[in-house]
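First comes the structure, then the notes that go with it.
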Amino acid sequence: MIKEPPTKPPVAPRVEPAVAALPGEERVLRAAEKALNGQTRGLRALVPFLGPAFVAAVAYVDPGNFATNIAGGAQYGYMLLWVVLTANLMAMLIQSMSAKLGIATGLNLAEVCREKFPRPLTFGLWIQAEVIAMATDLAEFIGAAIGIHLLFPGVPLFVAGVITAFAAFGILAIQSRGFRGFEAVIAALVGVIVAAFAFEVFLARPSVGGVVTGLFTPRFDGTESVLLGAGILGATVMPHVIYLHSALTQRRIIGVTEVEKRKIFRFERWDVIIAMSIAGLINISMLTIAAAAFYHQSIGPIQSLEQAFNALGARLGHGADIFFGLGLLASGLSSSSVGTLSGQVVMQGFIRRRIPLFLRRAITMAPALVVIAVGLDPSRSLVLSQVVLSFGIPFALIPLLLFCRDRDLMGTLVNRRITTVIATVVIAVIVSLNVFLLTLLISGR
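Here the sequence shown stands for residues 34 to 478, numbered as in our numbering.
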C-alpha cells in the first residue's frame, strides 16, 4: 500500500496538454482549450468534453437493472415505465451535481469529505464506501459471468467467472494509457447494449400507445406494484459512481477562472444529459420488451436472468436470447471495471491511500468467485448485493447536497436555490424509499 502526501487546496493551474498529457490525450485537451477560448463551437466544441458521464452511466444499466426491469414489465406491462423515466431524471440531476463538484473544487467527493469532516467520520465513510464498492462489484461480476454462461452453455459458471476476470483486467489495462481510451471502450460496450435491446424492441413490436401511456401516466395497481416501483426508484442512484463522476471531472480539463469553470460545466452537463438519456432509453427498452413479450402470456413470474434469457428465445425467436446475453455480458464487464475505479477513488480520497488497480480488481472479484464456486444462487446473490448497496446511498447523497449548496466551496457553480430545493426532495425520496425497502426486507414482509 502506498501512502500519498497530504493534498493542498487546488490552485487550478492550467495543465499544458503537450507537457502533461499522455499521447492519446493531448489532442483532446488541445481541442478542449479551443472550445473554452471560443475557437470552436457547436458539436466540435462539445466532443472533447464527452466521456465522464458515459462512464458513470454504465452503473445505471448494470445487471441489477436487467432483473428489475424485466420483472416490472413481465408483471405489470407498460404501467411502470413512468417510474423508470422519473428515476432517470433524478439520476441526471444527481450526476450533474457530482460532475459540478469536481469541476468547481478540483477535488472529488471523497476528498471534500476528508477536508470538511472529522477524521473518525471520514474513516467510517471510507469503510462503508469500500463495502458498497465490493457489493456493487459482486453483482456486476456475477452478471458478466452469467452472460458468458448463457451464451456458451458448455462453459461452467465458475469458468465463466474466470474468463470475466481476465476480460476485466484487459479493460483496466487500457485505462493506464489515458482516460480517452478507457472511455471509448466503455462507450463501445454501452453501444453493444443499445444495439442488443434495439433489436429486441424491433422483434417484440410493443404497443406505441401502451408505451406512451406508461411513460406519462403515473399509476400503480396494488401493493406489489408499489413495492416494485419503489425498488426501481430506490435503486436509481449508485453511490460508487457519485464518487467516481466527481473524480472523472476534477482534473480532466481544468478551468483557471470562474468563467472557464462555468463553460466546462455547461459542456459536462450536456455530457450528462446525453449519456443518462441513453441509459434511460436502455432501461425503458428492457421494461418495454418484457411487457410486450411476457405480460399476460401465462408464462409465470420471471425471477432470474436465466429465465428471462430462455423466455425471450422462446417468445421472440430470431436470436433474441443471444442478444439479451450479449447485452448482459457487455453490461457486466463495463460496470465491473467502473466499480473497480470507484473503489480506488474512495480509498485515495478518504484516507490518502491507494493500492495497484489490478490488486484491487483481484480483491474485489474474489467474493464473486467464492459465491460461484460454493454453488450459491447467482441471481439471489445479485439481489442481496443490491440491498447492501442501498445502505450506502445516504452517505454519498447527503454530503453531495451539502457541498453543492456551499458558496465558499463551489464559487459561482454553487447550486441555485431552486436546484437545491429539487435536489433535497429527490434525495429525500430516494433515501426514504431505500429505508422503506430495507425495513420490509428485515421484517420479512
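Beta carbons are placed, not taken as given, at the ideal position from N, Cα and C, and that holds for glycine.
For D304, the uninterrupted alpha helix (DSSP H) run begins and ends at E291 to F327, by DSSP. By the CB criterion at 8 Å, I226 and F215 fall outside the cutoff. A Cβ-Cβ separation of about 25 Å leaves R348 out of contact with A312 under the 8 Å criterion. Of the candidates L277, G242 and V145, L277 places its Cα closest to the Cα of S129. The DSSP-derived three-state label of R385 is coil.
Rounded to whole angstroms, G71 and A78 show a C-alpha spacing of 8 Å. Here G425 has Q161, I165 and P272 as same chain residues with Cβ atoms under 6 Å from its own Cβ, once five neighbours each way along the sequence are excluded.
Spatial neighbours of N343 in its own chain (CB-CB distance under 7 Å, excluding positions within 5 residues in sequence) are listed in chain order as D354. The DSSP-derived three-state label of V404 is helix. The DSSP-derived three-state label of P239 is coil.
For G262, the closest alpha carbon among the candidates L114, V94, C437 and D441 is that of L114.
Excluding residues up to 5 positions away in sequence, E163, A166, R393 and T397 lie with their Cβ nearer than 7 Å to the Cβ of G376 in the same chain. In this structure, the CA atom of I322 is about 26 Å from the CA atom of L470. Secondary structure of P251 (DSSP, three-state): coil.
H182 places its beta carbon less than 8 Å from that of L190.
The DSSP-derived three-state label of G203 is helix. In the three-state reduction of the DSSP assignment, Q108 falls in the helix class.
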